[in-house]
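Asker:
Number of protein chains: 2
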Amino acid sequence: MNVLIVHAHPEKLSFTAALKNTAQQTFEQLGYTVEVSDLYEMNFNPIASKDDFEQLNQPEYFNYALEQRHALKQQQFSKDIEIEIEKVKRADLILFSFPLYWTSVPAILKGWIDRVFVSGLFYGGKRFYNHGGMTGKKAMLCLTLGGRSNMFGENTVHGPIEHYLSSIQRGTLAYVGFEVLPPFMAYHVPYISNEDRQNILMNFEDYIKNLDDLEALEFPHLENFDEKMNPLK
Amino acid sequence: MNVLIVHAHPEKLSFTAALKNTAQQTFEQLGYTVEVSDLYEMNFNPIASKDDFEQLNQPEYFNYALEQRHALKQQQFSKDIEIEIEKVKRADLILFSFPLYWTSVPAILKGWIDRVFVSGLFYGGKRFYNHGGMTGKKAMLCLTLGGRSNMFGENTVHGPIEHYLSSIQRGTLAYVGFEVLPPFMAYHVPYISNEDRQNILMNFEDYIKNLDDLEALEFPHLENFDEKMNPLK
Chain D
1 MNVLIVHAHP EKLSFTAALK NTAQQTFEQL GYTVEVSDLY EMNFNPIASK DDFEQLNQPE
61 YFNYALEQRH ALKQQQFSKD IEIEIEKVKR ADLILFSFPL YWTSVPAILK GWIDRVFVSG
121 LFYGGKRFYN HGGMTGKKAM LCLTLGGRSN MFGENTVHGP IEHYLSSIQR GTLAYVGFEV
181 LPPFMAYHVP YISNEDRQNI LMNFEDYIKN LDDLEALEFP HLENFDEKMN PLK
Chain L
1 MNVLIVHAHP EKLSFTAALK NTAQQTFEQL GYTVEVSDLY EMNFNPIASK DDFEQLNQPE
61 YFNYALEQRH ALKQQQFSKD IEIEIEKVKR ADLILFSFPL YWTSVPAILK GWIDRVFVSG
121 LFYGGKRFYN HGGMTGKKAM LCLTLGGRSN MFGENTVHGP IEHYLSSIQR GTLAYVGFEV
181 LPPFMAYHVP YISNEDRQNI LMNFEDYIKN LDDLEALEFP HLENFDEKMN PLK
């Protein structure tokens, strides 16, 4: 089994980094091969632009998805995108490690998705959800946040955290076919004790050791929709 | 009235740019003062990092929010952040113009939020939602997407679009106190006729001329929660 950890935190001593290190060590102990894309360390460029292609097919009118489809056939992605695509292809499981910024992923991680999840390979035409390009692979979030757990859920001040995570879990990962495992979330991180942090790290180690027991989140199956994507019956 | 348009599309001839231009012209005809932050044109840096501060208060352990609070007192933000903060301060209304990338904002726009919505000014302590730093100002999304409108909503293939937009509309804009107006959304854009596009532009012009009639979206009032953010009855 190959694991790819995509990590996005600017401080190497952060608790988010400690969780990432715990994941890496635990996976390695279990005999998995682990690759890490540490986006801050790589100084990863998050901006989707014309520079992502060695040559443009339609330079007079830039359409990002169309250029991706063209570049895929010609192998004309910029080198940094090519490298990340190959990592994804090798991986059986991708773990996303990040602090929640504005109830979402940090921009550097959003840009990794914008640029790496290319049209034609990850999705295209009727290839999405359970027909997406990444079917057979798993993905999972590991995130840290400042809020307390009682602030999220039905009838709470911020509402269900699943809504905030739906862009990445449903609109991105499930959309391209990943089986999405339940996220591991560490709440209230800037305010908790060192002992609490140690306990969270131990819980995360257990979580990873028992990944096979986790039930994947539920997302649509295209068989339940007609050609125009209206629900059947 | 001052309007700030934050625009994020890499192609100047795009329909998203046409909507942005329509907004700018219509607001100017109405006598508003309009500033535009065209993030691609500005080559805006979206990565929240140590470089955002002229000097670090705690260089041995980098905590982004704490450095923001320190920098705010000392006026030590990097110049590009300072300029955007001043634009926000001047604005009565911010319009966000973007194509939906992965059911969310493009990374360059996410990074504008990550870096510009600084702790201590936009929010902090119990200053959020109707007590946020931006109360009295309005914000609104104008977005383009490839999907059809029948693909979004309860019991559809992708579910309610409000869930995907909650990170920006609730977790970001409402959280810092903006009154959030209903979003203007142009569906199925890459596939529609020029005539349909012209109609959408005219509809958007009307939408802007009648902004005062729009009812803002509903978000929590802190008066309905106790000190620990548990709901009062």
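The listed protein sequences derive, respectively, from chains D and L. Under UniProt numbering, residues 1 to 233 are what the first sequence spells out, in order. Under UniProt numbering, residues 1 to 233 are what the second sequence spells out, in order. For each residue, glycine too, the CB sits at the ideal point set by N, CA and C.
Quick one: is Asn203 (chain D) buried, meaning 16 or more other Cβ sit within 10 Å of its Cβ, or exposed?
Answerer: Along the first sequence, read from residue 1 onward, the residue named residue 203 (chain D) stands at position 203. The residue is exposed, with fewer than 16 neighbouring Cβ atoms inside 10 Å.
Asker: Going along chain L, which residues have a C-beta under 8 Å from Asp114 (chain D)?
Answerer: Taking the first sequence and counting its residues from 1, the one referred to as residue 114 (chain D) is at position 114. Under the 8 Å cutoff, chain L gives Tyr101, Trp102, Pro106 and Ala107.
Asker: Any C-beta of chain C sitting closer than 7 Å to the C-beta of Ile47 (chain L)?
Answerer: Absent from the structure: chain C. Protein chains present are D and L.
Asker: Could you give the distance in angstroms between the alpha-carbon of Glu67 (chain D) and the alpha-carbon of Tyr187 (chain L)?
Answerer: As a first step, residue 67 (chain D) is located in the first sequence; it is residue number 67 there, counting from the start. As a first step, residue 187 (chain L) is located in the second sequence; it is residue number 187 there, counting from the start. C-alpha separation (whole angstroms): 21 Å.
Asker: Hey, Leu30 (chain L) and Lys209 (chain L) are a contact pair by Cβ (cut 8 Å); roughly how many whole angstroms apart?
Answerer: Within the second sequence, the letter at position 30 stands for residue 30 (chain L). Within the second sequence, the letter at position 209 stands for residue 209 (chain L). That pair is a contact at about 7 Å.
Asker: Counting along the chain, where does the beta strand (DSSP E) carrying Phe184 (chain L) start and finish?
Answerer: Taking the first residue of the second sequence as 1, we reach residue 184 (chain L) at position 184. Looking at the DSSP string, the run of the beta strand (DSSP E) that includes Phe184 (chain L) is Phe184 to Ala186.
Asker: Would you mind sorting Asp212 (chain L) into buried or exposed? The rule is 16 or more other CB atoms within 10 Å of its CB.
Answerer: By one-based count along the second sequence, residue 212 (chain L) stands at place 212. So Asp212 (chain L) counts as exposed.
Asker: Could you tell me how far apart the beta carbons of Asp92 (chain D) and Asn45 (chain D) are, in whole angstroms, since I believe they sit closer than 8 Å?
Answerer: For the purposes of this step, residue 92 (chain D) is identified with residue 92 of the first sequence, where counting begins at 1. For the purposes of this step, residue 45 (chain D) is identified with residue 45 of the first sequence, where counting begins at 1. Contact doesn't hold; Cβ gap of about 27 Å is too wide.
Asker: Which two residues bound the contiguous alpha helix (DSSP H) that contains Met42 (chain L)?
Answerer: Here residue 42 (chain L) refers to the residue found at position 42 when the second sequence is read from its first residue. Leu39 to Met42 is the span of the alpha helix (DSSP H), which, as asked, contains Met42 (chain L).
Asker: Mark Lys73 (chain L) as exposed unless 16 or more other C-beta atoms lie within 10 angstroms of its C-beta, in which case mark it buried.
Answerer: Position 73 of the second sequence, counted from the start, is the residue given in the question as residue 73 (chain L). Exposed is the call here.
Asker: Out of D:Glu35, D:Tyr207, D:Trp102 and D:Phe15, which one is the CA nearest neighbour of Asp196 (chain D)?
Answerer: On the first sequence, residue 196 (chain D) is found 196 positions in, with the first residue counted as 1. The shortest Cα separation from Asp196 (chain D) among D:Glu35, D:Tyr207, D:Trp102 and D:Phe15 belongs to D:Phe15.
Asker: Scan the segment 152-170 of chain D for residues whose Cβ lies nearer than 9 Å to a Cβ of chain L and list them as they occur along the chain.
Answerer: Asn155, Thr156, Val157, His158, Gly159, Pro160, Glu162, His163, Tyr164, Leu165, Ser166, Ser167, Ile168 and Arg170
Asker: Using the Cβ count rule (16 or more neighbours within 10 Å means buried), how would you classify Ser119 (chain D)?
Answerer: Locating residue 119 (chain D) in the first sequence gives position 119, counting from the first residue. With 16 or more other Cβ atoms within 10 Å, it is buried.
Asker: So for Tyr101 (chain L), helix, strand or coil by DSSP?
Answerer: Locating residue 101 (chain L) in the second sequence gives position 101, counting from the first residue. Note: Tyr101 (chain L) maps to strand in three-state DSSP.
Asker: Looking only at DSSP bridge pairs, what is His7 (chain L) linked to?
Answerer: If you number the second sequence from 1, residue 7 (chain L) lands on position 7. Per DSSP, L:Asp38 and L:Ser97.
Asker: Does the separation of the CB atoms of Val116 (chain L) and Ile161 (chain L) fall below 7 Å?
Answerer: By one-based count along the second sequence, residue 116 (chain L) stands at place 116. By one-based count along the second sequence, residue 161 (chain L) stands at place 161. In this structure, Ile161 (chain L) does not lie closer than 7 Å to Val116 (chain L) by Cβ.
Asker: Expressed to the nearest angstrom, what Euclidean distance is found between the alpha-carbon atoms of Tyr191 (chain D) and Ala71 (chain D)?
Answerer: In the first sequence, counting from the first residue as 1, residue 191 (chain D) sits at position 191. In the first sequence, counting from the first residue as 1, residue 71 (chain D) sits at position 71. So the alpha carbons of these two residues sit roughly 47 Å apart.
Asker: Are there 16 or more other CB atoms within 10 angstroms of the CB of His221 (chain L), so buried, or fewer, so exposed?
Answerer: By one-based count along the second sequence, residue 221 (chain L) stands at place 221. Exposed, because fewer than 16 other Cβ atoms sit within 10 Å of the Cβ of His221 (chain L).
Asker: As a quick exercise: from D:Met229, D:Glu54 and D:Tyr61, pick the residue whose alpha carbon is nearest that of Val157 (chain L).
Answerer: The residue given as residue 157 (chain L) occupies position 157 in the second sequence. Minimum Cα distance to Val157 (chain L) is reached at D:Met229.
Asker: Thinking C-alpha only, which one of L:Ser193, L:Val189, L:Phe178 and L:Phe152 is nearest Asn218 (chain L)?
Answerer: For this step, residue 218 (chain L) is matched to residue 218 along the second sequence. Inspection of the sequence shows that residue 218 (chain L) is occupied by Glu rather than by Asn. Minimum Cα distance to Glu218 (chain L) is reached at L:Phe178.
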